[in-house]
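Colleague: Mind looking over this structure? Questions follow.
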Amino acid sequence: MDPEYDAYIDAALSLNDLILTPDVRLEVAKQFALLAGMKATLEHEPIPADEEPANIYRL
Numbered sequence: 001m002d003p004e005y006d007a008y009i010d011a012a013l014s015l016n017d018l019i020l021t022p023d024v025r026l027e028v029a030k031q032f033a034l035l036a037g038m039k040a041t042l043e044h045e046p047i048p049a050d051e052e053p054a055n056i057y058r059l
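This note's numbering numbers the first residue of the sequence shown as 1 and each following residue consecutively.
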């Protein structure tokens with residue numbers, strides 16, 4: 001896993017004082033990676049303000 005994602009996961013866990021299994025921790029890391037990919041896509045191909053809301057899910 002990317003150390004940057006590890007830091008986010010550690011911060012989230014400390015805020016919630018949770019103990020997660022390695023499988024759940026990996027799933028959280030995957031979600032952070034997915035969000036990072038979506039952010040990069042939006043930065044590269046912004047969605048026009050006049051685009052129909054139904055098309056917002058094109059990512």
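Backbone N, C-alpha and C define an ideal beta-carbon position, used for all residues, glycine too.
Taking the Cβ atom as the reference point for each residue, do Tyr8 and Ala33 lie within a distance shorter than 8 Å?
Modeller: Taking the first residue of the sequence shown as 1, we reach residue 8 at position 8. Taking the first residue of the sequence shown as 1, we reach residue 33 at position 33. Result no, Cβ atoms of Tyr8 and Ala33 do not sit closer than 8 Å.
Colleague: In terms of residue numbering, what span does the alpha helix (DSSP H) encompassing Thr41 cover?
Modeller: Residue numbering aside, residue 41 sits at position 41 when the sequence shown is read from its first letter. Here the alpha helix (DSSP H) through Thr41 covers 22–44.
Colleague: With H, G and I counted as helix, E and B as strand and the rest as coil, what does DSSP make of Pro48?
Modeller: The count along the sequence shown starts at 1 and reaches residue 48 at position 48. Coil.
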